[in-house]
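Peer 1:
Number of protein chains: 2
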Amino acid sequence: MKLTQTVKKSGCAAKVPAILLREILNGLSFPPNIAGVEIDGAHFDDAAIFKINDEVALVQTLDFFTPIVDSAKNFGAIAAANALSDVYAMGGKPKTCMAILAAPLAIMEPSIIREVMQGACDVIALSGSSLVGGHSIDDDSLKFGLSVTGIVHPEKTWTNQKAKVGDLLILTKPLGTGTICTGIKQQELSEEEASEAIDSMKRLNNIVDFLSSEDITHIHGATDVTGFGLTGHCYQMARASAVSLKIHVENLPVFAKSYECLEKGFLTKAHRSNKEYTKGKINFAESLTENQKIITYDPQTSGGLLLSVDAKAAENIVTALKTSFPGTSIIGSVIQKNEFDIYVE
Amino acid sequence: MKLTQTVKKSGCAAKVPAILLREILNGLSFPPNIAGVEIDGAHFDDAAIFKINDEVALVQTLDFFTPIVDSAKNFGAIAAANALSDVYAMGGKPKTCMAILAAPLAIMEPSIIREVMQGACDVIALSGSSLVGGHSIDDDSLKFGLSVTGIVHPEKTWTNQKAKVGDLLILTKPLGTGTICTGIKQQELSEEEASEAIDSMKRLNNIVDFLSSEDITHIHGATDVTGFGLTGHCYQMARASAVSLKIHVENLPVFAKSYECLEKGFLTKAHRSNKEYTKGKINFAESLTENQKIITYDPQTSGGLLLSVDAKAAENIVTALKTSFPGTSIIGSVIQKNEFDIYVE
Numbered sequence: 002m003k004l005t006q007t008v009k010k011s012g013c014a015a016k017v018p019a020i021l022l023r024e025i026l027n028g029l030s031f032p033p034n035i036a037g038v039e040i041d042g043a044h045f046d047d048a049a050i051f052k053i054n055d056e057v058a059l060v061q062t063l064d065f066f067t068p069i070v071d072s073a074k075n076f077g078a079i080a081a082a083n084a085l086s087d088v089y090a091m092g093g094k095p096k097t098c099m100a101i102l103a104a105p106l107a108i109m110e111p112s113i114i115r116e117v118m119q120g121a122c123d124v125i126a127l128s129g130s131s132l133v134g135g136h137s138i139d140d141d142s143l144k145f146g147l148s149v150t151g152i153v154h155p156e157k158t159w160t161n162q163k164a165k166v167g168d169l170l171i172l173t174k175p176l177g178t179g180t181i182c183t184g185i186k187q188q189e190l191s192e193e194e195a196s197e198a199i200d201s202m203k204r205l206n207n208i209v210d211f212l213s214s215e216d217i218t219h220i221h222g223a224t225d226v227t228g229f230g231l232t233g234h235c236y237q238m239a240r241a242s243a244v245s246l247k248i249h250v251e252n253l254p255v256f257a258k259s260y261e262c263l264e265k266g267f268l269t270k271a272h273r274s275n276k277e278y279t280k281g282k283i284n285f286a287e288s289l290t291e292n293q294k295i296i297t298y299d300p301q302t303s304g305g306l307l308l309s310v311d312a313k314a315a316e317n318i319v320t321a322l323k324t325s326f327p328g329t330s331i332i333g334s335v336i337q338k339n340e341f342d343i344y345v346e
Numbered sequence: 002m003k004l005t006q007t008v009k010k011s012g013c014a015a016k017v018p019a020i021l022l023r024e025i026l027n028g029l030s031f032p033p034n035i036a037g038v039e040i041d042g043a044h045f046d047d048a049a050i051f052k053i054n055d056e057v058a059l060v061q062t063l064d065f066f067t068p069i070v071d072s073a074k075n076f077g078a079i080a081a082a083n084a085l086s087d088v089y090a091m092g093g094k095p096k097t098c099m100a101i102l103a104a105p106l107a108i109m110e111p112s113i114i115r116e117v118m119q120g121a122c123d124v125i126a127l128s129g130s131s132l133v134g135g136h137s138i139d140d141d142s143l144k145f146g147l148s149v150t151g152i153v154h155p156e157k158t159w160t161n162q163k164a165k166v167g168d169l170l171i172l173t174k175p176l177g178t179g180t181i182c183t184g185i186k187q188q189e190l191s192e193e194e195a196s197e198a199i200d201s202m203k204r205l206n207n208i209v210d211f212l213s214s215e216d217i218t219h220i221h222g223a224t225d226v227t228g229f230g231l232t233g234h235c236y237q238m239a240r241a242s243a244v245s246l247k248i249h250v251e252n253l254p255v256f257a258k259s260y261e262c263l264e265k266g267f268l269t270k271a272h273r274s275n276k277e278y279t280k281g282k283i284n285f286a287e288s289l290t291e292n293q294k295i296i297t298y299d300p301q302t303s304g305g306l307l308l309s310v311d312a313k314a315a316e317n318i319v320t321a322l323k324t325s326f327p328g329t330s331i332i333g334s335v336i337q338k339n340e341f342d343i344y345v346e
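Just so you know, the protein sequences line up as chains A and B, in that order. Per this note's numbering, the first sequence runs over residues 2 to 346. Per this note's numbering, the second sequence runs over residues 2 to 346.
1) Would a check of beta-carbon distances place residue 204 of chain A closer than 9 Å to chain B?
2) Quick one: Cα of residue 341 of chain A to Cα of residue 3 of chain B, how far?
3) Between residue 55 of chain B and residue 131 of chain A, which are expected to be in contact by the criterion C-beta below 8 Å, what is the C-beta distance as a whole number of angstroms?
4) Following the continuous alpha helix (DSSP H) through residue 57 of chain B, name the residue where it begins and the one where it ends.
5) Closer than 8 Å is the cut-off here; do at least three beta carbon pairs connect the segment 262 to 279 of chain A with the segment 186 to 196 of chain A?
6) Going by alpha carbons, who is nearest to residue 201 of chain B out of B:295, B:287 and B:254?
7) Taking only the alpha-carbon atoms, compute the straight-line gap between residue 330 of chain B and residue 297 of chain B and give it to the nearest angstrom.
8) Does residue 301 of chain A have its Cβ less than 9 Å from a Cβ in chain B?
9) Go ahead and pull the three-state DSSP assignment for residue 99 of chain B.
10) Between the Cα of residue 238 of chain A and those of A:198, A:219 and A:282, spot the shortest distance and give me the residue it belongs to.
11) Out of curiosity, what's the CA-to-CA distance linking residue 50 of chain A and residue 69 of chain A?
12) Output yes or no for whether 9 Å exceeds the beta carbon distance between residue 66 of chain A and residue 179 of chain A.
13) If you follow the alpha helix (DSSP H) that residue 194 of chain B is part of, which residue opens it and which one closes it?
14) Leaving out five residues on either side along the sequence, give the residues of the same chain with a beta carbon under 6 Å from the beta carbon of residue 94 of chain B.
15) Is the beta carbon of residue 140 of chain B less than 9 Å from the beta carbon of residue 78 of chain B?
16) Go through its chain and collect everything with a Cβ distance to residue 119 of chain A's Cβ below 8 Å, but skip five positions before and after it.
17) Would you say residue 68 of chain A lies against chain B (beta-carbon separation less than 9 Å)?
18) Report the CB separation of residue 349 of chain A from residue 344 of chain A in whole angstroms; it is logged as a contact under 8 Å.
19) With a cut-off of 9 Å, does the C-beta of residue 54 of chain A fall near any C-beta of chain B?
20) Assuming residue 321 of chain B is part of the alpha helix (DSSP H), what are its boundary residues?
21) Would you tell me roughly how many angstroms separate the C-alpha atoms of residue 177 of chain B and residue 206 of chain B, rounded to the nearest one?
22) Is residue 162 of chain A close to chain B, meaning its C-beta is less than 9 Å from at least one C-beta of that chain?
23) Under the rule that 16 or more other beta-carbon atoms within 10 Å means buried, what is residue 210 of chain B, buried or exposed?
24) Contact check, residue 92 of chain B vs residue 223 of chain B under 8 Å by CB: the rounded distance?
25) I believe residue 339 of chain B touches residue 245 of chain B by the beta-carbon criterion, under 8 Å. Please report the beta-carbon distance rounded to the nearest angstrom.
26) On the three-state DSSP scale, how would you describe residue 76 of chain B?
27) What did DSSP end up calling residue 294 of chain B once you bin it into helix, strand or coil?
28) Looking at the unbroken beta strand (DSSP E) that takes in residue 139 of chain B, where does it start and where does it end?
29) Quick check: the segment 26 to 35 of chain A against the segment 214 to 222 of chain A, are at least 3 beta-carbon pairs closer than 8 Å?
30) Just list the residues that DSSP pairs residue 225 of chain B with in beta bridges.
31) Using a Cβ-Cβ cutoff of 9 Å, what residues of the segment 178 to 191 of chain B are near chain A? List them in chain order.
32) Can you tell which of B:311, B:133 and B:313 has its C-alpha closest to the C-alpha of residue 62 of chain A?
33) Determine, for residue 219 of chain A, whether the minimum Cβ-Cβ distance to residues of chain B falls below 9 Å.
34) Taking residue 113 of chain B as part of the alpha helix (DSSP H), name the residues at either end of that continuous run.
35) Residues in the same chain with beta-carbon distance under 6 Å from residue 175 of chain B, minus the five sequence neighbours each way, listed in chain order, please.
36) Beta-carbon of residue 108 of chain B versus every beta-carbon of chain A: anything under 9 Å?
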């Protein structure tokens, strides 16, 4: 059974487009924030922060999606790494996970569902957190994900609100999972050919485990690059931090197959909706090719962390991460708030 | 748009049957439990317990399902009350919620999705917790739910593992939401006719807010009655507590429409799978009618709490709860572990 052939839309490409999500939430009367809620969903942060006491805050996030690869175990592993990523993106350490499972029981063997779960369990174990529960339903198509709670010191959270003018921007994983997974779904690309991207998506974003405490103090802002693509998440960071961001396309890490897949026209609806979402917010240099623009819209699944770091510490941080995250690159800088939120050169 | 007509299976009836869930999880290599995990999913507890320090433990749960009523706002409210219930079932107070949303964007107006969210937001506000995030995807059918984190004192958690021989069993809401919601889905019952059940499902299980601290010390075991039906959850409590339970059918609270709906044959697959799940575990008295048996299998959505309480405190607790939870009844007792896990008389 080819898992990607059992669903209409794969992975983060099935995410509700940001512009529509805004319309749904517009006018909604939210419950008031109780004492302890330091960060809610209002600024498109990756996770919420709930302060328990002066030493401990919870970092909470939730993510799930349809299969983006055909191997059940790889799918579970990617879904878990993707969900855990948001805790890392806030500087936290994951502690507990709950599974979100929807499966077409009539057509799918229990053993396949078990493989999905096993892939996730292996990644959860690597992260040093535990699987403490979940919920499963019979549904038309397979979906899997996690609700994750991590712990962070309340004074040491990373958010997308603190990027500073003069910072350099670091991206820790290559771009292109959207177009590559579309190639897989269209059966034009084998999982072997896509292995670089699959391994990257299974990779935990546990950069804190590889950085010195001094390195960590130089990270001012962070987010993970997922469904809204690089420019979508850059836009959210720029707005939340009241700055503009400059991106150098030639410095962007991309998978070996990314441009090849874009050239073959492997696009999702999310490529379009991400473009729509940032319409009028990005200034692209005239010299750029169409695909150099599109790669910045490419919806990422379990994408890398986008870090806004003190310029003097950037090279150190890249060096510290390069072994475990070979794609790690300095991709641009933070500039004063200007006419556009993002300048891509 | 009649929400129940947009899905194949409604509410908890779409839950993966327990027997199949066991098959899926069988042989799975779970991540080890890290320090702090006091209760995981292994004993069918309602929620996990993760101890932060000697004063504070997290109570965590996650639940979501398809529409069981046609009103979007009622659906959101029921889904929220249902998810929050598991925190109350462990003796906790809910603090943070994250939304789980899957919606058929092509056929569903944003305003309908907003109504679902609003229904949930209203119930979350009533519970004194906050909505801090979530995830939304484009899907074939509408699903909504919450991941909820509550706080409890680590020494004061309720679980299904501590029912004691001699305890009386209290149920706080009437039974029958499964058959009544099937009537709604089959368009044989209007939401007006089902209003008693709908109001009950929207009702928070916040019994702690109505009990004295002395009453609370007399509650030995608790669980909420949901998709596996009364006998399914009784079975889990009996096994976890190493006791047997005796249920008096004539004392069971049921909605005015419950038996009428059962007589019309409004059954779901979950009625059958719940029967299968407890096969050989229940001794039914010969005098019982078929529908008196079936009501004990009826899959509940946002059902009541099943409490195992010190016999001498039972009347007090019922009196304290009766105003806010008019269905509250003493339905049976805890007896020594015997040949069957449950005796229904």
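Built from N, CA and C at the ideal position, the CB exists for glycine as well. Since we're looking at a predicted model, the values are computed, not measured.
Peer 2: With the structure as the only source:
1) Cβ-Cβ to chain B under 9 Å: no for residue 204 of chain A.
2) 44 Å
3) Not really, about 20 Å apart at Cβ, beyond 8 Å.
4) That residue, residue 57 of chain B, is in no alpha helix (DSSP H); it is neither H nor E in DSSP.
5) yes
6) B:254
7) 15 Å
8) no
9) When DSSP states are grouped into helix, strand and coil, residue 99 of chain B belongs to the strand group.
10) A:282
11) 29 Å
12) no
13) Segment: none, residue 194 of chain B is in no alpha helix (DSSP H) and carries neither H nor E.
14) The answer, listed in chain order, is 151 and 152.
15) no
16) Excluding positions up to five away in sequence, the list reads 74 and 77.
17) no
18) Residue 349 of chain A falls outside the range modelled here, since chain A spans only 2 to 346, and no answer is possible.
19) yes
20) 315 to 323
21) Separation of residue 177 of chain B and residue 206 of chain B (C-alpha to C-alpha, rounded to the nearest whole angstrom) is 17 Å.
22) no
23) exposed
24) Indeed, because the Cβ distance is near 7 Å, the residues count as touching under 8 Å.
25) 4 Å
26) In this structure, residue 76 of chain B counts as helix in the three-state DSSP scheme.
27) helix
28) For residue 139 of chain B, the uninterrupted beta strand (DSSP E) segment begins and ends at 131 to 139.
29) no
30) Paired residue(s): B:306.
31) none
32) B:133
33) Between residue 219 of chain A and chain B, the shortest Cβ-Cβ separation is not below 9 Å.
34) 111 to 128
35) Residues 254, 255, 256 and 328 of the same chain have their beta carbon placed closer than 6 Å to that of residue 175 of chain B, with the five preceding and five following residues left out of the count.
36) no
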